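In our numbering, the protein residues as written are 62 to 222.
Here is the structure:
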């Protein structure tokens, strides 16, 4: 994945996050519910995490990210992917079922935040190329923002009290 593709992916994701706040169903004036927005945000989280994973692999293959650093980052992105999968499973059952698993949802979002904190703590993520470093760091931070959006959307929708 080229730097331009990564930048485009990050910008598209941020634009999509902004647009979901005022989305409507196709062919309808009925606004999207907060729960539906949380579903979209979870899909965005998975997409951005996937982009980070591919960016790290590409940086390692290009020789700008040492293998030990790449493995550490990939371990965190794997954790985030598993959390997103668990969230998808819970949310797919609908808002009522998700309410019953509110504690688990909060725990999962907390796990994402811990992974983001671990990734950002280094600041550079071990990437030698400054442009690649900034791009991957921005994507990692986007994951944290989107995780917070999921939590907020579920709270606004009454799923999480």
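Backbone N, C-alpha and C define an ideal beta-carbon position, used for all residues, glycine too. All values reported here derive from a predicted model rather than from experimental measurement.
Limits of the unbroken alpha helix (DSSP H) element including residue 166 = 163-182
query = Helix, strand or coil: how does DSSP classify residue 156 here?
reply = In this structure, DSSP gives residue 156 a helical state, which the three-state scheme calls helix.
key: Euclidean distance between Cα positions of residue 139 and residue 207   = 17 Å
inquiry  = If I measure Cβ to Cβ from residue 172 and keep anything under 7 Å in the same chain, skipping five residues before and after, which residues do I get?
reply    = Hits under 7 Å: 140, 144.
message = Helix, strand or coil for residue 92? Go by DSSP, reduced to three states.
response = Residue 92 falls in the strand class under three-state DSSP.
query = Could you give the residue range of the alpha helix (DSSP H) that holds residue 127?
reply = From DSSP, residue 127 is part of no alpha helix (DSSP H); its letter is neither H nor E.
Residue 102 to residue 191 span [Cα, whole Å] = 28 Å
message = Judging by CA-CA distance, which residue of 204, 112, 129 is the nearest neighbour of residue 187?
response = 129
request  = Could you tell me whether any Cβ in chain D is nearer than 9 Å to the Cβ of residue 168?
outcome  = The question asks about chain D, but that chain is absent: this structure has only one protein chain.
ask   = Looking at residue 167 and residue 212, is the spacing between their C-beta atoms short of 9 Å?
value = yes
message = Just verifying my parser: in three-state terms, what is the DSSP assignment at residue 209?
response = helix
Environment of residue 90 [buried if 16+ CB atoms lie within 10 Å] = exposed
request  = Apply the 10 Å Cβ neighbour rule to residue 164 and answer buried if 16 or more other Cβ atoms are within range, or exposed otherwise.
outcome  = exposed
key: Proximal residues to residue 169 (C-beta, below 6 Å), its chain only, five neighbours per side dropped   = Correct list, in chain order: 144, 147, 148.
ask   = From residue 162 to residue 153, what does the alpha carbon distance come to, in whole angstroms?
value = 12 Å
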